[in-house]
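Visitor: Going by our numbering, the sequence shown opens with residue 4, and the numbers climb by one from there.
Pasting a structure below so you can have a look.
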Amino acid sequence: MKEKILIVDDNDNNRYMLEILLKSQEYDVISAENGEEALAKARLNPPDMIVTDILMPVMDGYTLCRQWKSDEAFKHIPLVFYTAEYTGLKNEEFASSLGADRFIVKPQEPNILLEMLKEVLAKKHTSMQTTTNPLGEEMEYFRQYNEILFRKLEKKMSDLELANKELRVSEEKYRLSFENVTDIIYTTDANLNILTVSPSVKKILGYNPEDFVGRPLSALGSIHTRQSLAQTLSDIHMIERGETIPATVYDLIAKDGSIKYCEVIRSPVMREGKNVGMISVARDITERMHKEEELKAAFIKRQELEFIINHSPAAVWLWKAVEGWPVEYVSDNISLYGYAPDDFTSGRVQYTSIVYSDDLSRVSAEVEQYVKEGKTEFTQEYRIITKSGEIRWIDDRTWVRRKSDGSVSHYQGIAIDITKRKLAEKALEETLENLKKALNTTIQVMVSAVESRDPYTAGHQLRVADMARAIAVEMGLSPDRIEGIYMAASIHDIGKLAIPAEILVKPTKLTDIEFSLVKEHANKGYEILKGVESPWPLAEIVYQHHERIDGLGYPRNMKGDDILMEARIMAVADVVESMASHRPYRPALGIGTALQEIEKNKNILYDSAVADACLRLFREKGYQLKMANM
């Protein structure tokens, strides 16, 4: 409920100015011209505080104060003197002896005056000023009263001109406050003609005060939307009944056509119980409304996002970066694992307690290492235990939150159940392993078949395979590629099954026709292997193992990077083994000659990186070619 203040002053302007100031702060205001009228109005409608002048007709302020503080109904209500008739400290002492709660000398800055009055109101409920007997004697009271009143009248007459001047200064200050206030303040008379409009209307709505002053209130219709105009008409009816309109938001149309949102407070101006006008204060809250709309939109978006998260298969986590990784947030869909969010956020369940014991040390060590390396995000796969005891695999994608000093404050992550994928991967691994075993058996049969037709080169394929594997390891290839190279090299001459045996074991130099038949073994090998199911491109590796970097190899004259790395490795291993070993048509040339061939034609016939790796193996790493009888 609004606090009510009774103003007592015989000067209409003083009452009016003070009334406007107090109503702008949402106080209810009652006014009276003298002490007698004030007492009468207070009995009908007791105020929360009375602010009175001293020199007034009928009953002055001192008499009013004496009666006020002697009345059981009023003595607890604060009384403040607000007067320009100040002739010395004795005035305040006399006022205090009568029970006055505050003695304020006019003029005061509006904001200072308001603060003083607020202080008095604030003390109302904590203390009560009591009346003291003025000097203990009734006659002494009247003597002091007459003495002070005489001095005041004398001073009032002598200082009338000065008082008027000060009043003009005060009015000027009020005018400046009015002109510089950030809110729009406008007043009307009883006929709803606009009396004043603060200059702030220009800044907020783009209009000048002169666009409205002197015109009827209906002139404001151009700045109202249909909805706000209807609200204004409703407000006017309430004002006519003497009611104050609480803060209400209106959408107003600025001069440039934009919509401005203003929070408007309206109050009737009452004089002698009559409604003589209206005062309205409009505060621009457009920016605040836009912020509220943005916040509302953001809240809706957040709700939508939470709905999406909570209905997705990915659980969202926020862990604090301390021991045990306490959970500060987890999405509702943690129910997929049998838990409720509160299980974790309450601390009943620690996150580390649901990580599978065999994985916990690894996961912790990885997190520590990632943080040490300064990573901002990382991915881990590990097992967790559901509430029912089931073990599930999850893919945990974590982002690291850091403080301004670089230390880690939180981890936030998205955990996706990958149990089905892991089971499928395991099944695939088992299938591949079985396939490799079957393929290895098949290869052994093929190797035996080739060697049975060419006993002079028995063991050649396996020696090439062993050397090719060693070169691949030296080059840092992945284990899977290394295994594929070994498999392909073990059967790289499988195509010789299609070559007549007498050509393969011929002890003399081959004719051109015979050599062309031998060169077909790469193509024949591809034809044999292309239908074989394998994790590696065995057929293509065998097809390319006689291609050369300069494009002068066979059967397709491929060159450079067009040739598979596996085939480039096998080419070097095949040449080294062939030159270093015995053949039906010549004795062994030796490993030294073979390495010279590789070094001489590095980056011409043979891949440079492969050649270097091969040379390092023999010259630096002590690799030795396995003998034919091994």
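For each residue, glycine too, the CB sits at the ideal point set by N, CA and C.
On the CB-based measure, 16 or more other CB atoms within 10 Å of its CB, does residue 17 come out buried or exposed?
Guide: Looking at its Cβ environment, which holds 16 or more other Cβ atoms inside 10 Å, residue 17 is buried.
Visitor: Do residue 330 and residue 417 have their C-beta atoms within less than 8 Å of each other?
Guide: Cβ atoms of residue 330 and residue 417: not closer than 8 Å.
Visitor: Give me the residue from 482, 479, 487, 15 with the minimum Cα distance to residue 468.
Guide: Comparing Cα positions, the closest option is 487.
Visitor: Does the beta-carbon of residue 529 have 16 or more other beta-carbons within 10 angstroms, so that it is buried, or is it exposed?
Guide: Flag for residue 529 reads buried.
Visitor: Under 8 Å, do residue 601 and residue 618 count as touching if we go by C-beta distance?
Guide: In contact: residue 601 and residue 618 (Cβ atoms closer than 8 Å).
Visitor: CA-CA distance, residue 705 and residue 523?
Guide: Given a span of 4 to 633 for the chain in the structure shown, any question on residue 705 remains unanswerable.
Visitor: Go ahead and pull the three-state DSSP assignment for residue 558.
Guide: Three-state result, residue 558: coil.
Visitor: Is it buried or exposed, residue 241, if we count other Cβ atoms within 10 angstroms and call 16 or more buried?
Guide: By the neighbour-count rule (16 or more Cβ atoms within 10 Å), residue 241 is not buried but exposed.
Visitor: Could you check which residue in 65, 500, 204, 9 has the C-alpha nearest to that of residue 275?
Guide: When only C-alpha atoms are compared, the closest one is 9.
Visitor: To test your reading of the DSSP string, which unbroken alpha helix (DSSP H) runs of 4 or more residues are found completely within the segment 515-554?
Guide: List check, alpha helix (DSSP H) in window: 515-522, 524-532, 541-547.
Visitor: Mind listing, in chain order, the continuous alpha helix (DSSP H) runs of no fewer than 4 residues lying wholly within the segment 586-618?
Guide: 594-603, all fully within the segment 586-618.
Visitor: Could you tell me which residues DSSP pairs with residue 196 in its beta bridges?
Guide: Paired residue(s): 219.
Visitor: According to DSSP, simplified to helix, strand and coil, what is residue 269?
Guide: Of the three classes helix, strand and coil, the one that applies to residue 269 here is strand, per DSSP.
Visitor: Can you list, in chain order, the residues of its chain with a C-beta nearer than 6 Å to that of residue 71? Leave out the 5 residues immediately preceding and following it.
Guide: Excluding sequence neighbours, residue 71 sits near 77, 82.
Visitor: Take the Cβ of residue 113 as the centre, count every other Cβ of all protein chains shown within 10 Å, and call the residue buried at 16 or more, exposed below.
Guide: Classification of residue 113: buried, given that the 10 Å Cβ count is 16 or more.
Visitor: Between residue 423 and residue 399, what straight-line distance do the alpha-carbon atoms span, to the nearest angstrom?
Guide: If you take the alpha carbons of residue 423 and residue 399, they lie about 15 Å apart.
Visitor: Would residue 138 be called buried (16 or more neighbouring beta carbons within 10 Å of its own) or exposed?
Guide: Its pLDDT being 43, under 50, residue 138 is placed unreliably by the model, and the measurement read from it follows with that caveat. Burial call: exposed.
Visitor: What number of angstroms, rounded off, separates the C-alpha of residue 343 from the C-alpha of residue 316?
Guide: Answer to the nearest angstrom: the Cα atoms are 15 Å apart.
Visitor: Using a threshold of 8 Å, state whether the C-beta atoms of residue 55 and residue 41 are closer than that.
Guide: In contact: residue 55 and residue 41 (Cβ atoms closer than 8 Å).
Visitor: With distances taken between CB atoms, is the gap from residue 193 to residue 260 smaller than 8 Å?
Guide: Contact: no.
Visitor: For residue 511 and residue 432, what's the separation of their Cα atoms in angstroms?
Guide: Taking the straight line joining both Cα atoms gives about 49 Å.
Visitor: Below 6 Å CB to CB, which residues in the same chain sit around residue 270 once its five sequence neighbours on both sides are set aside?
Guide: Taken in chain order, the residues that qualify are 26, 247, 282.
Visitor: Out of 498, 93, 110, 125, which has the shortest C-alpha to C-alpha gap to residue 51?
Guide: Looking at the Cα atoms, 125 is the closest of the given residues.
Visitor: Could you give the residue range of the alpha helix (DSSP H) that holds residue 279?
Guide: That residue, residue 279, is in no alpha helix (DSSP H); its beta strand (DSSP E) goes 277-287.
Visitor: Can you grab the Cα-Cα spacing for the pair residue 382 / residue 397, in whole Å?
Guide: Each residue's alpha carbon lies about 10 Å from the other.
Visitor: Which complete beta strand (DSSP E) runs does the segment 53-125 hold, if anything under 3 residues is left out?
Guide: DSSP runs (the beta strand (DSSP E)) wholly in the segment 53-125: 82-86, 105-108.
Visitor: Taking residue 558 and residue 606 to be in contact with their CB atoms under 8 Å, please state how far apart those CB atoms are, rounded to whole angstroms.
Guide: That belief does not hold up - the Cβ atoms of residue 558 and residue 606 are roughly 22 Å apart, past 8 Å.
Visitor: Mind checking who residue 274 pairs with in its DSSP beta bridge?
Guide: DSSP output for residue 274 lists 277 as bridge partner(s).
Visitor: With respect to the beta strand (DSSP E) encompassing residue 415, which residues constitute its N-terminal and C-terminal limits?
Guide: Element bounds for residue 415: 411-420.
Visitor: With residue 482 as the anchor, note down where its alpha helix (DSSP H) starts and where it stops.
Guide: Per DSSP, residue 482 belongs to the alpha helix (DSSP H) from 482-493.
Visitor: Cβ of residue 474 within 8 Å of Cβ of residue 574?
Guide: No, the Cβ-Cβ distance between residue 474 and residue 574 is not below 8 Å.
Visitor: Excluding the 5 residues preceding and the 5 following residue 293 in the sequence, name in chain order all residues of the same chain whose CB lies nearer than 6 Å to its CB.
Guide: Once the five neighbours on either side are set aside, residue 293 has no close Cβ partner at all.
Visitor: Here's the rule: buried if 16 or more other CB atoms are within 10 angstroms of the residue's CB, otherwise exposed. What is residue 3?
Guide: For residue 3 there is no data in the structure shown, the boundaries of the chain being 4 and 633.
Visitor: Among the residues of its own chain, which have a CB less than 6 Å from the CB of residue 255, if the five just before and after it don't count?
Guide: Hits under 6 Å: 226, 263, 265.
Visitor: Do residue 552 and residue 610 have their C-beta atoms within less than 8 Å of each other?
Guide: Cβ atoms of residue 552 and residue 610: closer than 8 Å.
Visitor: Rounded to whole angstroms, what is the Cα-Cα separation between residue 4 and residue 199?
Guide: Rounded to whole angstroms, residue 4 to residue 199 spans 28 Å at the Cα level.
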